[in-house]
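Structure first, commentary second.
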Amino acid sequence: MIFKTTHLLRDTGVLGMNRRNAEYIMKYNPRSAFPLVDDKLLTKQLAERYQVPTPPLYHVIKHHGDIARFEVALKDHREFVVKPARGSGGSGIILIVDRIKKEFIKQSSEGISREKLSYHMNDILSGIYSLGGLDDQAIIEALIHPDPIFSTVAYKGVPDIRIIVYRGIPVMAMVRLPTKASDGKANLHRGALGVGINIARGTTLSGVHRSGVVTYHPETGNSVKGIKIPYWESMLLVAAKAVDMTGLGYLGVDLVIDQQKGPLLLELNARPGLQIQMANRAGLRSRLELIDQAPSDIFITPEIRVAWAMEKFSASDS
Amino acid sequence: MKHPAFILAVVLLVLSAAFISYRIIWLGYPLFPTPHVKAWGLSMEARVKPYQKEVVLRIGLPSNHTGQVVVEEQITSGSLGFNLLREGPNQIGVWSGSIETEGEIIGYRATILLKPNRPPQTRPPKLEPYPVTVGITEQTLAKRLVARWKQLPSKARLLAISGTAADDWGEPPPDTKDLQAWSEFREKHGQRTVLLVLLHAANLPARTVDGLLLTKSVASIPIRWIEVWTGQEWNKLQPETGMIYHKSVMFLPLTTGGLPPVRVSRGKLSEIRWTLSQQIVTQWRAQFERTRLSDHLLDRLSLFSLPPEFQNTFRIFLLVPIGALMICVLRNLIGFPTFGIFMPVLMALAFRSTGLIYGLIIFAGVVLIGYVVRRLIDRLHLLLVPRLSLILTLVIVCFTIVALFGSKFKLREFMAVGLLPFVILTMTIERFFVIMEESGAREGLHTAMGSAAVATITHEIIHIESLQLAFFVYPELLFAVGALQILLGRYTGYRLSEFIRFRNLRGS
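Residue numbers (our numbering), protein chains in the order written: chain Y, 61 to 378; chain S, 5 to 512.
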C-alpha cells in the first residue's frame, strides 16, 4: 500500500520535505545568503538597490534609548506598522491606523497607550520575536492598504501573495487570505486560506483551508476561484529578480498589493513551505525537474525567465 | 549511486563489521551477547586449631588459566593474616598468625567462569624429569617395558599404559622377570608414581593434579588425577585404576605437580569443606573479567577496562547515538513533529530513572504548569533571558514539589525527578508557548503528542538490555550507527506523514 501511495505521490510530482531540504535548499541556498532574507531591513535595502518597491520605510529603532524619540521621526504619518526586523511567521507586528493625543489606535480599533507601544518596541529590540533570540531592530514602515480585489474573500488583515522561485524562474504561486479564525493573519497554520494561482494568467484556482480543498471562502461563502490578480506579470518579474538580489536558488517571495503603490515586496523566505502544493493541487517536483531540463539560455534575464514560466506553467485551471 | 556520502557510509559499515568479526573470530567474543551466563560458585570453609600458638595454613586456590577465569575472590581470615603466593604454576593462599586454642574459621569464596570456546593450549608442555625417588634401574626397566609401544601414536600409547594399572600388558606379555620387578616397584611406590614413570618413559608429558570434580557437590577431601598430554589436549586419568575420564567430566584444579592442596604446619585442620554451586552471573561482569586479563589490543580498548563507576555512564552514553538515530528515523522517515531535535532523546534517557508512565505524567504536568505561567507572565513584558531564567526557576520549583509529594507517598519514581533534563523542559515550555501563539492550539498539541510519542518509542528501544550490551561489548557499532545516519541524511523520499498531508493531491 505504501509503495502504491509513493507511486501516486511521485506521479503527481509532489515535493516532500526531505527532498526539498537535501536537493534544493542545501544545494541552491548558500548559508552565507540567509541573513539577507532573515533580516527584513537588509532585504529592504537590497530591494531598493534593484529598484524593487517595498513598503516605504519611516524609521528604524536600533537602540533602547531611541524608543522615546520615535514619534519625532514619524513626522506627520498617522498610520504605520511596527515590526521586528528578524521576526518570523508574522509575530510581533502591530498595525496602527491612527494617532490621537494620548494613544494610538490599532487596526482592531482598540487603543494602545504610548507606554505599551514603547514596551512592545523594547521587546522587539531584546529579540523576543527574533529567530534564535538574537538582539533585533524595530522597523516602522507605511501601513498597507490592500487592493480591493480580494475584499470579498479576505477577513480584515492583508492578503499576501507567495511565489516560489527556482533558479530565478517562478514555479508556483498562491494567495494567502486571512480569515476570522486566523485573526487577520495570512498564516496558513493559523487557519488562513491558501488559494493557488495560475502562473500563466494570474487567475486564482481552488484553495486549501486547514487540510481540505475549498472553492468557496469558509466564512464569507464567496467563490475564491477565477479572481484575476492585477499587476501579475510585474509581480512575477520581482520574484524572478529575487535570485539576482540574494543569490538564493530556491526562494519564497512574499508580496502585497497596495491600493495606490501597486505590488510591494514584503519579505523573502529561504525555506518556503510545501503547503503551496495543496493550494495549487499540483506537485512542485515535476515543475522543478522541468526547469532543470530547460536550455541554459532561458536563464539569462528575468524577463526571459518569466516568459518561459508563463508558457510552461499554464496548467489547466482545475 | 557514487555519491561520496554513500562511499563514506559503506566505509563505516565495513569498519564496524571488521572490528566485530575480529572480536568474534579471534578473541572469541560471544556472537549474541546474552544478559546472563553460567558460572560456578566455589566456597571453601575450614576450621583450624593450633598445636602451639602460631599456625601456618597453605591451601591451593583456583587460578586463571586457559578456559577458566576466577572472579570476585573473597577471603575470610579471622584473626589470621592472609597472603597470596605463587608456587610454580600454583596459586597458594597462606593464612598465618597466632590463634586461640578454640581455633579459627577461615574461608575463601570465588566465582569461576568457564570459557569452553577458548582455543586450548597449543604449546606442548615440556617432559618433566622422573620423580626423584625413582632410581636408574627402575627407569631402564620402565623404558624396556614401554619399548613395544614406541611406534604407536600418543593417544594409543596412553591407552596401552593405562591398561597396565589393571595388569593388562597386551599380547605377547613382557618378560616375567621384568613383570615381577615391576610389581615390586609398584608395591613400594604406589600405582600413581609407577604410572607417571611409565608415561615418562613413553615420552608422554604428564602431571599430577589435585582438585575438585566440577559438579554441584560438597567435598571434604580433594581428588587427585593425572593429566597426560597427547599432543592436542590434556587427558585425565584416574591414578589408581588407570581409567581415562570422559571429556565431558570437568575438574577444578587446585594444585598441580603433586603439591598437596592443603598443608598445615604447627596446627591441625579439624574440618575442611569445599562447596560448589552453579551461579548466574550477569554478562556485564563476565565480560569485564575476561577482558581485564587479556593483552589483546581490542580487549584492552574495551569499555570493560574502565572502572565500574564510569562504565555505567558509558552504558548510557552509547545509547544516545541510537536515540539520535531513532529521532532521524521518526522525524525524517515517519515525520513526527517534535519540540527541538534532541529533546525526545533526553526525555527518553530521563525516563530510565522515573519510568515511562510516571515520566510522561510528570513531563506533561510540568509543561502544562509552565505554559499557564508563561501565559500569565507574558503580560509582564519580561526580557528574553530573565524570562527564560524565571521559567527555569519554575521548573525547579515544580521538581521540588513533585519530589516532596513522592517522599510523602513513598513513590520513588517521583523522587527521581531530578534527573529529568530541566533545561530542555524550560526550552520546551517556551517553544510550546510560541507554537500555541503563532500556529494555534492544534499545531501545539500535535507537536506535543509527537514529542511524547518519539520519546516513548526511543525509551522502549534503548531499554532493550541486549542492545545495551551489544553496544557496550562492541562499541564499534557506533560506526554502523554513523553510517545509517549518513544514509538517512541522503534519504530524499517522502515521509510517511506526507502521504496523509498530500492525500488530496494523489492522482489529481
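Just so it is clear, CB atoms sit at the ideal spot from N, CA and C, and this is done for glycine as well.
It should be emphasised that the depicted structure is a prediction, and the values quoted were computed from it without experimental measurement.
With 16 as the cutoff for other CB atoms within 10 Å, does residue i come out buried or exposed?
| i | result |
| --- | --- |
| SER271(Y) | exposed |
| ASN87(S) | exposed |
| PHE355(S) | buried |
| ALA160(S) | exposed |
| ASN336(S) | buried |
| GLN353(Y) | exposed |
| THR137(S) | exposed |
| HIS277(Y) | buried |
| HIS67(Y) | exposed |
| GLY107(S) | buried |
| MET295(Y) | buried |
| GLU188(S) | exposed |
| GLU170(Y) | exposed |
| ASP107(Y) | Looking at the sequence provided, one finds Ala at residue 107(Y) rather than Asp. Label assigned to ALA107(Y): buried. |
| PRO379(Y) | There is simply no residue 379(Y) to check, as chain Y begins at 61 and stops at 378 in what is shown. |
| THR212(Y) | exposed |
| LEU334(S) | buried |
| GLY454(S) | buried |
| LYS412(S) | exposed |
| ALA214(Y) | buried |
| ILE360(Y) | exposed |
| LEU208(S) | buried |
So which of the options has the shortest CA-CA distance to residue i?
| i | options | result |
| --- | --- | --- |
| ALA202(Y) | ASP195(Y), GLU139(Y), ILE257(Y), ASP196(Y) | GLU139(Y) |
| ASN340(Y) | GLN320(Y), ALA367(Y), THR263(Y), MET305(Y) | THR263(Y) |
| ASP99(Y) | SER190(Y), LYS161(Y), THR212(Y) | SER190(Y) |
| GLY82(S) | SER47(S), VAL74(S), SER100(S) | SER100(S) |
| SER266(Y) | HIS67(Y), GLY251(Y), ILE287(Y) | ILE287(Y) |
| ARG270(S) | MET48(S), GLY92(S), VAL52(S), ILE96(S) | VAL52(S) |
| ILE289(Y) | ARG146(Y), THR280(Y), VAL157(Y), ILE257(Y) | ILE257(Y) |
| GLU91(S) | ILE116(S), TYR112(S), ARG62(S) | ARG62(S) |
| THR197(S) | ASN316(S), ILE165(S), THR451(S) | ILE165(S) |
| ALA330(Y) | ARG222(Y), ALA246(Y), HIS205(Y) | ARG222(Y) |
| LYS220(S) | LEU84(S), ALA43(S), ILE439(S), PHE475(S) | ALA43(S) |
| TYR88(Y) | PRO332(Y), LEU308(Y), GLY333(Y), GLU349(Y) | LEU308(Y) |
| VAL18(S) | LEU481(S), ARG499(S), GLU502(S), ILE504(S) | LEU481(S) |
| ASN169(S) | GLY97(S), GLY194(S), SER443(S) | The identity of residue 169(S) in the sequence shown is Ala, whereas the question assumes Asn. For ALA169(S), the nearest C-alpha among the options comes from GLY194(S). |
Measuring straight from C-alpha to C-alpha, what distance separates residue i and residue j?
| i | j | result |
| --- | --- | --- |
| ILE224(Y) | MET86(Y) | 16 Å |
| LEU155(Y) | ILE199(Y) | 12 Å |
| TYR249(S) | TRP278(S) | 22 Å |
| GLN197(Y) | LYS143(Y) | 9 Å |
| ARG378(S) | GLU434(S) | 8 Å |
| PRO123(S) | ILE29(S) | Confidence in PRO123(S) is poor, its pLDDT being 49 and thus under 50, which makes the residue's placement unreliable; the coordinate value appears in the next sentence. About 11 Å. |
| LEU408(S) | VAL74(Y) | 53 Å |
| LYS166(Y) | HIS7(S) | 55 Å |
| MET232(Y) | GLU327(Y) | 17 Å |
| VAL324(S) | ALA484(S) | 14 Å |
| LEU590(S) | ILE461(S) | For chain S, the structure presents residues 5 to 512; residue 590(S) sits outside this window and is missing. |
| ILE373(S) | LEU392(S) | 15 Å |
| MET77(Y) | GLY497(S) | 8 Å |
| ALA82(Y) | VAL313(Y) | 20 Å |
| LEU344(Y) | LEU384(S) | 44 Å |
| PRO178(S) | PRO66(S) | 42 Å |
| VAL14(S) | ALA487(S) | 7 Å |
| PHE506(S) | ARG494(S) | 22 Å |
| ARG261(Y) | LEU388(S) | 47 Å |
| VAL421(S) | LEU398(S) | 14 Å |
| VAL235(Y) | LEU307(S) | 59 Å |
| LEU322(S) | THR451(S) | 27 Å |
| PRO115(Y) | LYS122(Y) | 19 Å |
| ASN94(S) | PRO265(S) | 10 Å |
Tell me, to the nearest whole angstrom, how far the beta carbon of residue i is from that of residue j; I am working on the premise that it is less than 8 Å.
| i | j | result |
| --- | --- | --- |
| ASP182(S) | ARG148(S) | 6 Å |
| LEU386(S) | LEU394(S) | 7 Å |
| GLY244(Y) | LYS216(Y) | 4 Å |
| THR259(S) | GLY64(S) | 4 Å |
| ILE2(S) | VAL406(S) | Past the edges of chain S, shown from 5 to 512, lies residue 2(S), and the structure says nothing about it. |
| ALA146(S) | LEU202(S) | 5 Å |
Does the Cβ of residue i lie closer than 6 Å to at least one heavy atom of the ligand GTP?
| i | result |
| --- | --- |
| MET232(Y) | What this structure holds is no ligand at all, so the ligand GTP is not there to describe. |
### Task
Tell me the start and end of each unbroken alpha helix (DSSP H) in the region 180-261 of chain S that is at least 4 residues and wholly inside, in chain order.
180-193, 195-205
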